[in-house]
Amino acid sequence: MNVENLKVLQLGKFYPIRGGVEKVAFDLMKGLSERGIECHMLCAAEEGEDRIILLNEHAQLICTHTWVKACATMISPSMIFTLRKICGKYDIIHVHHPDPMACLALFLSGYKGKVVLHWHSDIQKQKLLLKLYYPLQQWLLKRADVIVGTSPVYLAESPFLQHVQHKTVCLPIGVEPMRPVPEAVKALRSEYPGKKIVFSLGRLVAYKGYRFLVEAAKYLKDDFVVLIGGSGALKEELQKEIVSLNLQEKVKLLGRVSDEELPAYYGACDVFCMSSVQKTEAFGIVQIEAMSCGKPVVATRIPQSGVSWVNEEGVSGMNAEPGNAQDLARAIEAVTENEEVYRKFSEGATKRYRDMFTKECMIDKCLTIYLEL
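In structure tokens form, the structure reads like this:
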């Protein structure tokens, strides 16, 4: 396939851009379009009617009206009709999974061109949805010309991909580097004088394992403070746990951290911690955002997940047993043991980000995959 006159459609998920899946699709669209490739994105709008948002001369966001959201899926009949109408103009449709609505739209579109299936994760929680969706998922796996995954671990160990290993390829997620403003970092650190700051970021839900991070603070020395950014259903429960363990001065729930505030937290922290406990956490973009600031990462060894592949043990940080608060605390203290050890992990995190997880790396690899179809 030739790059000249190449036309690509990123298909799936929601607008506005919030979650990791749609962020990857959006970044691919934007990055490819900035190289002169016509790349559009078709997704379901959380509210409002059908509309097209022009980003530049080569990129446009095609949003379709949603009837209702059910089982983390937007029900958008308009996506089906829109894709049937426009699919013929694209050389490649790059569909992002899991998104049953996007898969159904592709199935009904009659599209004859090349299909790239981006397997972000297995469907984990919605067991009933998976039963209903399974035949369509099997069709999609067969229809795809190539299946890309965010880590070699997830591709190799997903039970749904065992019979299609011959057409899988790894495409790690890449992000723009965080750029903390020194004054904002200094101001934030001044709020916790003499403390080693452990930062974590994510929705306050069970699979993120925050109750184990809260418990881990109990085992950390008194010169540590744990800052957890994000909102979610478990906020009250976590706050009660903090109080019951008498950790009010050692663990702070920050609530939602805005995009404007976020770089300062990455810049101010000494360690970034991701305490997730389930395979639902397939990659962990927050890890590579922290690495872009040279921050060592403490993550978890979740079976069949790419999390501990992203955070290479002994290079960019350390990995603990999921659900083990004491092991989490041990790893946090180990990466900050002394200046020499800390510098090794900090430099390793920076190098791993630059070598593997920049946005440019992702666009380069994606384009290579397209051109080999």
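For the sequence shown, my numbering gives the first residue as 1, with consecutive numbering after it.
We treat Cβ as the ideally placed atom computed from N, Cα and C, and that holds for glycine.
DSSP places Phe14 inside the beta strand (DSSP E), whose first and last residues are 7-15. Note that the C-beta distance between Pro296 and Ala349 is below 8 Å. Less than 8 Å separates the beta-carbon of Leu161 from that of Ile147. With a cut-off of 8 Å on Cβ pairs, the stretch 213-230 is in contact with the stretch 248-256, counting three or more such pairs. Residue pairing by DSSP places His118 opposite His96, Val148 in a beta bridge. Judged by DSSP in its simplified three-state form, Arg51 adopts strand. With a cutoff of 8 Å on beta-carbon distance, Val21 and Lys13 are scored as near each other. When the beta-carbon positions are compared, Ser244 and Gly294 stay at least 8 Å from each other. With at least 16 other beta carbons inside 10 angstroms of its own, Met101 counts as buried.
According to the DSSP secondary-structure assignment, Ile369 is paired through a beta bridge with no residue.
For a cut-off of 8 Å, the C-beta gap from Thr150 to Gly306 is around 6 Å, short enough to register as a contact. Ser78: not part of any beta strand (DSSP E); member of the alpha helix (DSSP H) spanning 77-86, first to last residue. Pairing Leu42 with Trp119, the inter-Cα distance amounts to about 17 Å. The bridge partners DSSP lists for Gly255 are Gly229, Gly230. One Cα belongs to Glu4, the other to Gln137, and the distance between them is close to 32 Å. In the structure shown, Gln278 falls within a coil segment according to DSSP collapsed to helix, strand and coil. Within the model, the alpha-carbon separation for Lys186 versus Val225 is close to 16 Å. Judged by DSSP secondary structure, Phe272 falls within the beta strand (DSSP E) whose first and last residues are 271-273. Leu61 is bridged by DSSP to Met41, Ile53. When C-alpha distances from Arg203 are compared across Arg179, Ala233, Val310, the shortest belongs to Ala233.
With respect to the 8 Å criterion, Ala156 and Leu117 are not classified as neighbours on the basis of their beta carbons. In the displayed model, Phe199 falls within a strand according to three-state DSSP.
Contact annotation: Leu213 and Ile197 have beta-carbon atoms that are not nearer than 8 Å.
For Thr358, no beta strand (DSSP E) segment is defined, and its DSSP state is neither H nor E.
Non-local beta-carbon contacts of Tyr111 in its own chain, meaning distances under 7 Å to residues more than five positions away in sequence, involve Cys87, Ile93 in chain order.
Gly113 places its beta carbon 8 Å or farther from that of Lys359. Shown here for Pro177: same chain residues with a beta carbon closer than 6 Å to its own, the five before and five after excluded, namely Ser292 in chain order.
Inclusion of Gln304 and Ser76 in the CB contact set at 8 Å is not warranted, their separation being larger than that value.
Assignment of Gly267 by DSSP, reduced to helix, strand and coil, places it in the helix class. Classified as buried, Asn311 has 16 or more neighbouring CB atoms from the shown chains inside 10 Å of its CB.
At least 8 Å separates the beta-carbon of Glu49 from that of Pro16. A check of alpha carbon separations from Val164 across His96, Cys170, Leu141, Ile123 identifies Leu141 as the nearest.
For the 8 Å CB-CB criterion, Met274 and Ser200 form a contact.
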